[in-house]
Amino acid sequence: MLKMTNFVKDSVSQTPIVDTVFAIVNKAKEAKKTYGEDAVTDATIGSLYTEAGELAALDCVFDSLKNLDNKVLASYAAGFTGNPDFRQKVIDWVLDGNSRLYKEVIATPGGTGAVAMTIQECLDPGQTVVLPEIAWGSYNLMAQMNNLEVAKYSLFDDDRFNMDSFREVCTKTMEKQDKLVVVINDPCHNPTGYSMTREEWEEVIAFLNGCSKKCPVVLLNDIAYIDFAFGQKEAKKYFSVFDDISDNMAVVVAFSLSKSMTSYGMRCGAAILMAKNPEIVNQLKTVFEKDARATWSNVNNGAMAMFVDVLDNRLEDYDAERQKYVALLKERSEIFRNEADAAGLAYYPYREGFFVTLSMDNDLRDRYHEALMENNIFTVKVNKGIRVAICSMPVSKVKGLAGHMKEILDEVQGA
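Numbering-wise, this note's numbering puts 693 at position 302 of the sequence shown, and it's gapless, one number per residue.
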């Protein structure tokens, strides 16, 4: 019998991926079949749902898509960096006139493509990427697949961004390598729902400017949920703070059209490359466009055409439809947090977004998560917490949930 040898590169981890989110989603589905919809609370789904329990799909978006010529839907994009009109609309829509930096756009398959490309192309194997301690799990997986180390900063100091931890982790990372790449998921942080203040962003940029005197700095700002921020246009004004970056720093903004247009499966987004020095942007653009060509070759042409059409011809309808869901997110989150406060159920500071995350250590989290499932409450485990997806629960399911969860927590802690 032949000895098993590697058919993949030796440096890559061969540990099978365990997608905890989809595994729990399936458990929730099975519980609904067994006990009925009314008996189950499903707080697992990270997509926006209506009050009727259906996936939210903005009418104006999909009316636009269906009205596109079949040949547009079937066509390749004009180039592997995306269609020129799409790339300009991304700048106009996302930045909303709030930055004077030199900029370029690369179309990507979802915001994920923009994040993955930055992590892959800005660091060499063995180097370290700086990530938040509580974060979307795929950041870690991307680092692992590119043979990168990870350094994590504590996200919160009481109810604000933990600047001290951020400084400490970045400083230690620079001691062992000649480049600094940091990820900040803001606004509407996944999974806590925190959004940084302008003052916090100013503090971050001032510190990174200091770091850039020692080495090049790349700030990756993942803005996946920005178009459902409660402040809307106000939520984009912090981009003007980026105009104060040094000449030895670049910003990559990862935009998710999939989230903004409620078109998750269409996989479209963009990386906005920004710097004071056009040579830095052009260097990033050259490498990123080669990565795009080599990895996915072309981005969904229909999604890009739809985005342009919605912004040109259906903007009023798009804003009105989206605002209804922003209001719904606000209502759901206020109910949950008010009841959590009344019950004494601790959660990380929330300001806006799709999720509220309960705060606890990982040992308690594991025991608590099992107890919740035994009570037909299905949530998602994250580092140091339990994610509650208010984005997908109707108001009727949100009401009373926090109190019930606190009762279960008390039982677990008393056991």
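Note that CB positions come from ideal geometry on N, CA and C, so glycine has one too.
Three or more C-beta pairs under 8 angstroms: does that hold for the segment 636 to 654 against the segment 437 to 456? yes
When DSSP labels each residue in this structure, what does Y467 get in the three-state scheme? Mapped onto the sequence shown, residue 467 falls at position 76. Look at Y467 here: in three-state DSSP terms it is coil, with no helix or strand label.
Spell out the partners DSSP gives V747 in its beta bridges. Taking the first residue of the sequence shown as 1, we reach residue 747 at position 356. Paired residue(s): V779.
So, helix, strand or coil for K543, using DSSP? Here residue 543 is taken as the residue at index 152 of the sequence shown, counted from 1. Residue state, collapsed to three classes: strand.
Cα-Cα, which of A430, F453, P523 and P607 is closest to Y709? Reading the sequence shown from its first residue, position 318 is the one you call residue 709. Here the closest residue by C-alpha is F453.
For D635, the nearest candidate out of F598, L648, N538 and L532 (CA to CA): Translated into the one-based positions of the sequence shown, residue 635 becomes position 244. Nearest option by C-alpha distance: F598.
Following the continuous beta strand (DSSP E) through M665, name the residue where it begins and the one where it ends. Residue 665 sits at position 274 when you count from the first residue of the sequence shown. Start and end: G660 to A666.
Measure the alpha-carbon distance for F679 versus L611 and round it to whole angstroms. Translated into positions along the sequence shown, residue 679 becomes position 288. Translated into positions along the sequence shown, residue 611 becomes position 220. Between F679 and L611, the C-alpha separation is close to 14 angstroms.
Beta-carbon proximity check, Y759 vs V789, cutoff 7 angstroms: In the sequence shown, counting from the first residue as 1, residue 759 sits at position 368. In the sequence shown, counting from the first residue as 1, residue 789 sits at position 398. Taking 7 angstroms as the Cβ cut-off, Y759 and V789 do not qualify as a contacting pair.
For P523, which three-state DSSP category applies? Along the sequence shown, one-based indexing puts residue 523 at 132. In the three-state reduction of the DSSP assignment, P523 falls in the strand class.
Could you give the DSSP three-state label for A434: helix, strand or coil? Working through the sequence shown from its first residue, we reach residue 434 at position 43. DSSP places A434 in coil when its eight states are reduced to three.
Would the beta-carbon of N489 fall within 7 angstroms of that of K627? Stepping through the sequence shown from its first residue, residue 489 is reached at position 98. Stepping through the sequence shown from its first residue, residue 627 is reached at position 236. For N489 and K627, yes; Cβs fall inside 7 angstroms.
Please report the straight-line C-alpha distance between D816 and E798, rounded to a whole angstrom. Residue 816 lies beyond the range of the chain shown here (392 to 806); nothing can be said about it.
Chain-order list of residues whose beta-carbon lies under 7 angstroms from that of T435 (same chain, five-residue window excluded): As a working mapping, residue 435 is identified with position 44 in the sequence shown. Once the five neighbours on either side are set aside, the close Cβ partners of T435 are V412, I415, V416, A419, F769, T770, V771 and A780.
Give a yes or no on contact between the segment 528 to 538 and the segment 472 to 492, applying the rule of three or more CB pairs nearer than 8 angstroms. no
Leaving out five residues on either side along the sequence, give the residues of the same chain with a beta carbon under 6 angstroms from the beta carbon of A542. The residue given as residue 542 occupies position 151 in the sequence shown. Cβ within range, chain order: T519, V521, V560 and T564.
Among T425, K567, N458 and A731, which residue has its Cα nearest to the Cα of F698? As a first step, residue 698 is located in the sequence shown; it is residue number 307 there, counting from the start. Ranking T425, K567, N458 and A731 by Cα distance to F698 puts N458 first.
Spatial neighbours of G693 in its chain, beta-carbon cut-off 7 angstroms, leaving aside the 5 residues before and after: As a position in the sequence shown, residue 693 is number 302, starting the count at 1. L456, L459, V463 and L464, listed in sequence order.
Can you tell which of D754, K400, M784 and A793 has the C-alpha that lies nearest to the C-alpha of G776? For the purposes of this step, residue 776 is taken as residue 385 along the sequence shown, with counting starting at 1. The option with the nearest alpha carbon to G776 is D754.
State the start and end residues of the unbroken beta strand (DSSP E) segment that holds D613. Walking along the sequence shown from the start, residue 613 turns up at place 222. Counting along the chain, the beta strand (DSSP E) containing D613 begins and ends at V608 to D613.
With a 10 Å radius around its C-beta and 16 neighbouring C-beta atoms as the bar for buried, classify P578 as buried or exposed. Taking the sequence shown and counting its residues from 1, the one referred to as residue 578 is at position 187. Buried: at least 16 other Cβ atoms inside 10 Å.
Quick check: L439 and Y738, are their CB atoms within less than 7 angstroms of each other? Numbered from its first residue, the sequence shown carries residue 439 at position 48. Numbered from its first residue, the sequence shown carries residue 738 at position 347. No; because the gap between Cβ atoms is not below 7 angstroms, this pair is not in contact.
Tell me where the alpha helix (DSSP H) around S651 begins and ends. In the sequence shown, residue 651 corresponds to position 260, counting from 1. Counting along the chain, the alpha helix (DSSP H) containing S651 begins and ends at L648 to S651.
Mind checking which residues open and close the beta strand (DSSP E) that includes A498? Against the sequence shown, residue 498 aligns to sequence position 107. It spans Y493 to T499 - the beta strand (DSSP E) in which A498 sits, taken as one unbroken run.
Considering V773, what are the terminal residues of the beta strand (DSSP E) in which it resides? Taking the sequence shown and counting its residues from 1, one reaches residue 773 at position 382. That run of the beta strand (DSSP E) goes V771 to V773.
Residue burial classification, N576 (beta-carbon count within 10 angstroms, cutoff 16): Numbered from 1 along the sequence shown, position 185 holds the residue referred to as residue 576. Buried, because 16 or more other Cβ atoms sit within 10 Å of the Cβ of N576.
Can you say whether S404 is buried or exposed, counting buried as having 16 or more other CB atoms within 10 angstroms of its CB? As a working note, residue 404 is residue 13 in the sequence shown. Exposed is the call here.
Which residue comes first and which comes last in the alpha helix (DSSP H) that contains V595? As a position in the sequence shown, residue 595 is number 204, starting the count at 1. Per DSSP, V595 belongs to the alpha helix (DSSP H) from R589 to C602.
Spatial neighbours of L792 within its chain, please: C-beta separation below 8 angstroms, excluding the five flanking residues on both sides. Against the sequence shown, residue 792 aligns to sequence position 401. Around L792: T432, A434, F727, E730, I768, V779 and M784.
Beta-carbon contacts of P740 that lie in its chain and below 6 angstroms, excluding the five residues immediately before and after: Within the sequence shown, the letter at position 349 stands for residue 740. The residues are D550 and Y585.
What whole-angstrom Cβ distance do F471 and M695 have, given they're in contact under 8 angstroms? What you label residue 471 is simply residue 80 of the sequence shown in a count that begins at 1. What you label residue 695 is simply residue 304 of the sequence shown in a count that begins at 1. Going by Cβ atoms, the distance from F471 to M695 rounds to 12 angstroms, so no, they are not a contact pair.
Just verifying my parser: in three-state terms, what is the DSSP assignment at M533? Within the sequence shown, numbered from 1, the residue matching residue 533 stands at position 142. Residue state, collapsed to three classes: helix.
Relative to the C-alpha of D410, which candidate in N531, D401, D752 and S402 has its C-alpha closest? Looking up residue 410 in the sequence shown gives position 19. Selected option, being the one with the closest Cα: N531.
With 7 angstroms set as the bound, which would you pick, yes or no: does the beta-carbon of P475 sit closer than that to a beta-carbon of chain D? Structure shown: chain D not included; a single protein chain is present.
Beta-carbon separation (whole angstroms), P500 vs W687, contact threshold 8 angstroms: Looking up residue 500 in the sequence shown gives position 109. Looking up residue 687 in the sequence shown gives position 296. Contact holds; Cβ gap of about 5 angstroms.
In angstroms, rounded to a whole number, what distance separates the CA positions of V608 and G735? For the purposes of this step, residue 608 is taken as residue 217 along the sequence shown, with counting starting at 1. For the purposes of this step, residue 735 is taken as residue 344 along the sequence shown, with counting starting at 1. Distance between the alpha carbons of V608 and G735: 41 angstroms.
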